[in-house]
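Asker: Supplied in structure tokens, the structure appears directly below.
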């Protein structure tokens, strides 16, 4: 997922996607612990996507505060 794609989404959509990614991250951790994880690169991809979403949500929150 690219930052450009994330910026076009609303805050509600981003929060929903963040919840989905956190669930996936949780499941990937369990798969890794039990030795069933096949795509190890997916762990890093999910972590980075979570960070991107949190960054953009934070930017929006700061810009909203600055506008007050």
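Residue numbers (this note's numbering): 1346 to 1413.
We treat Cβ as the ideally placed atom computed from N, Cα and C, and that holds for glycine.
1. At the level of alpha carbons, what is the spacing between residue 1380 and residue 1412?
2. Residue 1381 by DSSP, collapsed to three states: which one?
3. Apart from the five residues on each side of it in sequence, which residues of its chain come closer than 6 Å, Cβ to Cβ, to residue 1406?
4. Note down the Cα distance separating residue 1353 from residue 1386, rounded to an integer number of angstroms.
5. Going by C-alpha to C-alpha distance, which of 1403, 1404, 1398, 1410 sits closest to residue 1350?
6. Run the CB neighbour count on residue 1410, radius 10 Å, all protein chains shown included, and call it buried at 16 or more, exposed below.
Answerer: Reading off the structure:
1. 49 Å
2. coil
3. none
4. 26 Å
5. 1398
6. exposed
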